[in-house]
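Visitor: Structure in structure tokens, see below.
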Amino acid sequence: MKIIMLGAPGAGKGTQAKKIAAKYEIPHISTGDIFRANIKEGTELGKKAKTYMDQGLLVPDELVVDLVVDRVNQEDCKNGYVLDGFPRTIPQAEALAELGQKMDYAIDVDVPDENIIHRMGGRRACVGCGATYHLEYAPTKVEGICDACGKELILRDDDKPETVKKRLNVYHEQTQPLIDYYTNAGILKTVDGTVDIDVVFQNIVEILGA
Ligand code: AP5
Ligand code: MG
97 MKIIMLGAPG AGKGTQAKKI AAKYEIPHIS TGDIFRANIK EGTELGKKAK
147 TYMDQGLLVP DELVVDLVVD RVNQEDCKNG YVLDGFPRTI PQAEALAELG
197 QKMDYAIDVD VPDENIIHRM GGRRACVGCG ATYHLEYAPT KVEGICDACG
247 KELILRDDDK PETVKKRLNV YHEQTQPLID YYTNAGILKT VDGTVDIDVV
297 FQNIVEILGA
């Protein structure tokens with residue numbers, strides 16, 4: 097099963113993609129996570145990506161597309177994958193279509209802008225493994241410490257309120273057109289992303305099939 101997660105920054109794409117990947121035993125491919133790992137390792141790609149990410153801007157298509165093409169052509173993606181944060185522009189969607197791999201679903205996790213701003217302030221990410229939590233909605237067992245690997249949690253650089261507003265504008269301008277694109281392709285499904293994390297997931301499972 098080949099799945100695309102769509103939705104505004106903070107809509108819950110990553111949260112749901114992880115659950116989908118675990119249940120259906122397919123790789124979770126998050127371009128944001130790949131860039132953050134590169135930033136942490138200090139690679140050339142990471143250095144380039146960081147200048148855009150810190151401003152709330154999209155990383156240029158040419159830095160993203162080849163990376164994803166390489167990844168989805170790997171052996172573990174043979175039976176499917178869940179793409180989280182890609183495609184994010186029409187040219188990216190076209191590049192994906194050119195691969196000739198048939199996508200089964202594009203799931204739009206729908207959350208209004210007002211909810212997003214509140215959510216992002218409470219998100220915490222692990223400096224070690226990148227796992228994501230929320231102070232209110234998805235707390236860790238011990239405050240400030242990752243449940244998965246025991247490392248420290250931080251507020252992501254791009255989760256500061258001014259940057260979140262910029263990311264939302266960029267989303268509306270460059271990524272929202274993909275909703276029409278995948279509606280026209282006949283694979284768009286929308287779920288309400290404002291309800292409880294487990295309820296969102298149940299609704300996704302209803303779409304994908306148990
Ligand atoms: P990326 O990492 O993809 O960021 P994003 O799209 O802005 O999305 P987020 O990861 O911030 O949110 P999410 O939807 O995954 O929500 P989450 O599950 O964490 O990209 C970062 C940057 O990299 C971009 O700005 C861009 O610069 C660059 N980039 C990446 N891909 C690119 C591409 N293809 N092209 C160009 N540039 C690219 O949830 C958010 C919070 O809410 C969490 O705390 C979570 O616990 C909580 N939460 C989740 N669901 C619920 C719920 N139902 N109720 C209450 N709380 C919830
Ligand atoms: Mg994410």
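Sequential numbering from 97 applies to the sequence shown in the numbering used here. Cβ atoms here follow ideal geometry from the backbone N, Cα and C, with glycine treated the same way.
What's the call for Leu195, buried or exposed, on a 16-neighbour Cβ count within 10 Å?
Guide: Numbered from its first residue, the sequence shown carries residue 195 at position 99. So Leu195 counts as exposed.
Visitor: Quick one, are the C-beta atoms of Ile293 and Gly176 less than 9 Å apart?
Guide: As a position in the sequence shown, residue 293 is number 197, starting the count at 1. As a position in the sequence shown, residue 176 is number 80, starting the count at 1. No; because the gap between Cβ atoms is not below 9 Å, this pair is not in contact.
Visitor: Kindly list the residues whose CB is nearer than 8 Å to the CB of Ala145, restricted to its own chain and excluding five residues on each side of it in sequence; keep chain order.
Guide: Residue mapping note: residue 145 aligns to position 49 of the sequence shown, counting from 1. For Ala145, where only same-chain residues beyond five positions count, the Cβ hits under 8 Å are Phe131, Asn134, Ile135, Val155, Leu159.
Visitor: Classify Ile250: buried if its beta carbon has 16 or more other beta carbons within 10 angstroms, exposed otherwise.
Guide: To locate residue 250, count along the sequence shown from 1; it is residue 154. By the neighbour-count rule (16 or more Cβ atoms within 10 Å), Ile250 is not buried but exposed.
Visitor: Could you tell me which of Val161, Gly152, Lys143 sits nearest to Ile125, measuring between CA atoms?
Guide: As a first step, residue 125 is located in the sequence shown; it is residue number 29 there, counting from the start. Nearest of Val161, Gly152, Lys143 to Ile125, Cα basis: Val161.
Visitor: Let me know the secondary structure DSSP gives Ile99 once reduced to three states.
Guide: The residue given as residue 99 occupies position 3 in the sequence shown. Note: Ile99 maps to strand in three-state DSSP.
Visitor: Quick one: residues in its chain with C-beta nearer than 6 Å to the C-beta of Leu284, no 5 flanking neighbours on either side, listed in chain order?
Guide: Taking the sequence shown and counting its residues from 1, the one referred to as residue 284 is at position 188. Correct list, in chain order: Ala202, Tyr278.
Visitor: Thinking C-alpha only, which one of Gln197, Tyr148, Arg184, Asp150 is nearest Gln170?
Guide: Residue 170 sits at position 74 when you count from the first residue of the sequence shown. Of the candidates Gln197, Tyr148, Arg184, Asp150, the one whose C-alpha sits nearest the C-alpha of Gln170 is Gln197.
Visitor: Under 9 Å, do Thr127 and Asp204 count as touching if we go by C-beta distance?
Guide: In the sequence shown, the residue the question calls residue 127 occupies position 31. In the sequence shown, the residue the question calls residue 204 occupies position 108. Not closer than 9 Å, so no.
Visitor: Is Leu153 near the ligand AP5, going by C-beta to nearest heavy atom under 8 Å?
Guide: In the sequence shown, residue 153 corresponds to position 57, counting from 1. Indeed, a heavy atom of the ligand AP5 lies less than 8 Å from the Cβ.
Visitor: With three or more beta-carbon pairs closer than 8 Å as the criterion, would you say the segment 246-263 touches the segment 178-186?
Guide: By the criterion of at least three beta-carbon pairs nearer than 8 Å, the segment 246-263 is not in contact with the segment 178-186.
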